[in-house]
């Protein structure tokens, strides 16, 4: 009958193998999720920027119209008071003010035309950005949902495996557990390996006939001289 410690180690290794397989199957998911979410985020940022440009252009047009109204009112007031001046100097000064207001009205009219000419273009850019965002969502959201579901399942499975691992670790002496933990870290999850074609299942080094016989008997713990993995004989290969 095999040493119970060997059986306990084999049992623990099976769970650790499941855990590391789960790690490997899931390791690409977080990066892929971030990539897909970033794609949508960038499209949203473009839409926000283009909409803001439309709003700012419209606000500028409103400001120009308001200033035009104020300038017209000031011009009307200046013209009404033109007949009230008493000296040539005052008349010339008032005419200069009137000219400045008319020039400003001309500038405002030109600015309004330029801003209004941009409206259709800016609106078109914003509409295109919205279409691009909708297309991006339609393209990537199904994959995002699939990966999110896989992540939830991963966490559930990882929790179940963690419980199984804790239960199996209780059957192994602390000193051996410390070695196992070191080996798991050093050898990517492989600490307990079967003899395979007279070689160590961990590093592949050829094992001596004596070591193989000891592994077959299973009466004591055996470690590979090269990689320190615990070695056992799988009875199913006999």
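Residue numbers (the numbering used here): -16 to 221. We put the CB at the ideal spot given by N, CA and C, even for glycine.
Sheet register partners of residue i (DSSP bridge)
i	result
residue 205	214
residue 189	182
Extent of the continuous beta strand (DSSP E) run through residue i
i	result
residue 177	175 to 179
Distance between residue j and residue i (C-alpha atoms, nearest Å)
i	j	result
residue 38	residue 46	12 Å
residue 149	residue 20	35 Å
residue 130	residue 9	9 Å
residue 95	residue 34	19 Å
residue 198	residue 174	15 Å
residue -8	residue 155	7 Å
residue 145	residue 30	44 Å
residue 54	residue 120	48 Å
residue 28	residue 114	13 Å
residue -5	residue 112	54 Å
residue 191	residue 181	8 Å
residue 143	residue 164	19 Å
residue 194	residue 137	39 Å
residue 169	residue 25	40 Å
residue 110	residue 42	19 Å
residue 187	residue -3	19 Å
residue 78	residue 67	13 Å
residue 69	residue 75	11 Å
residue 51	residue 23	42 Å
residue 73	residue 62	13 Å
residue 86	residue 32	34 Å
residue 48	residue 71	34 Å
residue 59	residue 90	18 Å
residue 92	residue 65	25 Å
residue 140	residue 3	12 Å
residue 214	residue 6	24 Å
residue 212	residue 184	9 Å
residue 15	residue -10	39 Å
residue 88	residue 116	41 Å
residue 106	residue 118	18 Å
residue 203	residue 176	15 Å
Limits of the alpha helix (DSSP H) - the one that residue i falls within
i	result
residue 101	71 to 152
residue 155	Note, residue 155: premise wrong, no alpha helix (DSSP H); not H, not E.
residue 35	12 to 63
residue -2	-13 to 9
Coil, strand or helix - residue i by DSSP
i	result
residue 200	helix
residue 170	coil
residue 194	helix
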